[in-house]
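Student: Residue numbers for the sequence shown follow UniProt numbering, so the first one is 1 and each next one is one higher.
Note that CB positions come from ideal geometry on N, CA and C, so glycine has one too.
Predicted, not measured: the structure shown is a model, and the values here were computed from it.
Provided herewith is a single structure, encoded as structure tokens, for subsequent inquiry.
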Amino acid sequence: MKVHPFFHTETGSFTYVVSDSGLAMIIDPVLDYRDGEIGTSYIDDILTFIEKKSLKIKYIFDTHIHADHLSAAGYIKHAVGGKTVIGKRIYDVYAHWKKKYGLTQLVDFDYLVDDASRLNFGSSVIEVIETPGHTPSCVSYKINNHIFVGDTLFSPDRGTSRTDFPGGSAESLFSSIKKLYTLPNNTIVYLCHDYPPNGSSPISKISLGWQKKRNVMLRQDTSKKEYVLIRNRRDDGLKPPHLLSIAVPFNLTYQLPKHPHEG
Numbered sequence: 001m002k003v004h005p006f007f008h009t010e011t012g013s014f015t016y017v018v019s020d021s022g023l024a025m026i027i028d029p030v031l032d033y034r035d036g037e038i039g040t041s042y043i044d045d046i047l048t049f050i051e052k053k054s055l056k057i058k059y060i061f062d063t064h065i066h067a068d069h070l071s072a073a074g075y076i077k078h079a080v081g082g083k084t085v086i087g088k089r090i091y092d093v094y095a096h097w098k099k100k101y102g103l104t105q106l107v108d109f110d111y112l113v114d115d116a117s118r119l120n121f122g123s124s125v126i127e128v129i130e131t132p133g134h135t136p137s138c139v140s141y142k143i144n145n146h147i148f149v150g151d152t153l154f155s156p157d158r159g160t161s162r163t164d165f166p167g168g169s170a171e172s173l174f175s176s177i178k179k180l181y182t183l184p185n186n187t188i189v190y191l192c193h194d195y196p197p198n199g200s201s202p203i204s205k206i207s208l209g210w211q212k213k214r215n216v217m218l219r220q221d222t223s224k225k226e227y228v229l230i231r232n233r234r235d236d237g238l239k240p241p242h243l244l245s246i247a248v249p250f251n252l253t254y255q256l257p258k259h260p261h262e263g
């Protein structure tokens with residue numbers, strides 16, 4: 001099994017291509033978006049890479065409904081095939097945003113997964129770990145000693161994801177991360193985002209053991225009370241993501257909102 005990271009500079013987002021036995025899965029694919037127009041150059045480069053490797057796409061995963069970029073899952077499925085996968089609690093997320101954005105139809109994802117879900121992939125099995133807190137539907141995907149955590153954990157010097165979106169909860173995120181911290185220290189954590197300073201390379205992966213020791217918000221010995229205080233205080237000073245009112249409706253419906261507003 002091989003993991004190939006791709007970095008979307010404009011949104012600080014990682015997309016991962018995992019390959020095994022001639023198959024490929026794509027995790028958190030991103031569409032370009034600028035001045036009201038969708039672009040596909042980033043994801044098309046990834047699809048070209050997959051084609052050159054003679055891989056067949058089996059799954060297209062989103063770890064959650066992203067608020068800072070548009071998912072390319074629908075585009076990939078239409079262009080080359082593959083089954084779309086997201087957490088089963090997507091219905092909770094849809095209920096939170098439906099009225100605000102006038103949504104009428106949730107995407108018909110191929111697989112809705114939870115803690116009990118297992119998906120075969122080449123010589124491996126993909127385990128699903130529900131990790132709510134950033135959103136209700138957040139899930140992490142574990143393959144052997146590799147785990148793709150979405151926004152649950154950031155690099156140790158950045159901490160964890162925000163929890164101030166509808167349905168978010170610092171208490172739930174604490175429990176989710178502590179659940180991940182029960183995994184072996186040599187587990188490789190693949191991050192969904194990084195925001196490196198100019199001239200620096202983004203960090204796509206780090207050992208779980210290092211997260212447990214060095215995460216500035218939640219170490220192995222951090223108490224729930226301490227974490228919730230730190231997380232909520234940090235969230236109080238955050239602005240909404242620039243593309244929130246475009247990304248959330250699009251990622252729930254695969255349609256741009258009729259009256260998009262970039263905050």
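1. Measure the Cβ-Cβ separation of F14 and C138 and say whether it is below 7 Å.
2. Between the alpha carbons of R234 and P5, how many angstroms are there, rounded?
3. Since I believe W210 is in contact with P156 (beta carbons under 8 Å), could you give me their beta-carbon distance rounded to a whole number of angstroms?
4. In whole angstroms, what is the alpha-carbon distance linking N251 and F148?
5. With distances taken from CA atoms, which of K2, T9, M1, V3 is nearest G199?
6. Which value, in whole angstroms, describes the spacing of the CA atoms of S54 and G22?
7. For a test of the three-state rule: what should DSSP assign to T187, helix, strand or coil?
8. In its own chain, which residues sit with a C-beta less than 6 Å from the C-beta of S71, not counting the 5 before and 5 after it?
9. Alpha carbon to alpha carbon, how far is V241 from K212?
10. What does the Cβ neighbour count give for S204, buried or exposed, with the cut at 16 atoms within 10 Å?
11. Are the CB atoms of I60 and A73 within a distance shorter than 7 Å?
12. Identify every run of the alpha helix (DSSP H) within the segment 25-67, keeping only runs that are complete inside it and at least 4 residues long; order them along the chain.
13. Nearest by alpha-carbon distance to R214: which of T160, I76, K224 is it?
14. Check F174 in the structure and name its three-state DSSP category.
15. In chain order, what are the residue ranges of uninterrupted beta strand (DSSP E) at least 3 long that sit wholly in the segment 142-171?
16. Tell me the residue span of the alpha helix (DSSP H) that contains T253.
17. By how many angstroms is the C-alpha of V30 removed from the C-alpha of G263?
18. Mind reading off the beta-carbon distance from V17 to I38? Whole number of angstroms is fine, and I expect it under 8 Å.
19. Determine, using beta-carbon pairs with one atom in the segment 162-178 and one in the segment 116-128, whether at least three such pairs fall under 8 Å.
20. Rounding to the nearest angstrom, what Cα-Cα distance links G133 and T152 in this structure?
21. Could you say which of P202, I206, V228, K77 lies nearest to P184 if we only look at CA atoms?
22. For Y91, count neighbouring Cβ atoms within 10 angstroms of its own Cβ and tell me buried if that reaches 16, exposed if not.
Tutor: The structure says:
1. no
2. CA-to-CA, the gap between R234 and P5 works out to about 29 Å.
3. The pair is a contact, with the Cβ atoms about 6 Å apart (cut-off 8 Å).
4. 19 Å
5. Across the set K2, T9, M1, V3, the C-alpha of T9 shows the shortest separation from the C-alpha of G199.
6. 7 Å
7. T187 falls in the coil class under three-state DSSP.
8. D62, N251
9. Inspection of the sequence shows that residue 241 is occupied by Pro rather than by Val. The alpha-carbon atoms of P241 and K212 are separated by roughly 27 Å.
10. buried
11. yes
12. As summarised for the segment 25-67, the continuous alpha helix (DSSP H) elements at least 4 residues long and confined to that stretch are 41-52, given in chain order.
13. T160
14. helix
15. 146-148
16. 244-253
17. Model confidence at G263 stands at a pLDDT of 46, short of 50, so the residue's coordinates are unreliable; what they give is reported in the following sentence. Their backbone Cα atoms lie some 20 Å apart in a straight line.
18. Not a contact, Cβ separation roughly 21 Å.
19. no
20. 8 Å
21. I206
22. exposed
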